[in-house]
Amino acid sequence: MQITQPLHSAILISNIEKSQHFYSTVLGLSKIDRKLKFPGIWYQVGNFQIHLILAATIIPDAVDCEKLGRNRHLAFSVANLEAAKQQLIAHNCPIQMSASGRSALFTQDPDGNIIELSE
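With the working numbering applied, the sequence shown covers 1 to 119.
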């Protein structure tokens, strides 16, 4: 087997409108068409897609709330971490700076899914 590239990551959500606001407006991701019949939203980030899938039940899986980076998370590179931080603050999103001291922060979407932004 030879894996050649990542394709997508699926994230469970409980509310389409709240998630769309977070991923479209707060993070500024580009929504793309999807032709599937079950509810959800897809986003394109470079050659990678994020598939938000509506689920009846979301089970929080964070094991370390003190250090969000030690939990499952999705990471994105940003051009300007301070601008990203200010965008999150403007939308009342939780922010936790990386405990390692590197130029990165962690936030959570409306369902508690952890997102890392790194410069």
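The beta carbon of each residue, even a glycine, is placed where N, CA and C say it ideally should be.
Predicted, not measured: the structure shown is a model, and the values here were computed from it.
query                                                                                                     : result
Can you tell me whether DSSP reads Leu153 as helix, strand or coil?                                       : This structure gives no information on residue 153, because the portion of the chain shown stretches from 1 to 119.
So what does DSSP say about His8, is it helix, strand or coil?                                            : strand
Based on the DSSP output, what are the partners of Met97 in its beta bridges?                             : Leu105
In this structure, does DSSP put Ala83 in helix, strand or coil?                                          : helix
I'd like to confirm the pairing. Which residues does DSSP put opposite Gln49 in its beta bridges?         : His8 and Gln44
Can you tell which of Arg72, Ala56 and Ser98 has the C-alpha that lies nearest to the C-alpha of Ser118?  : Ser98
Alpha carbons only, please: which of Arg102, Gly46, Ala55 and Glu82 is nearest the one belonging to His8? : Gly46
At what residues does the beta strand (DSSP E) containing Glu116 begin and finish?                        : Ile114 to Ser118
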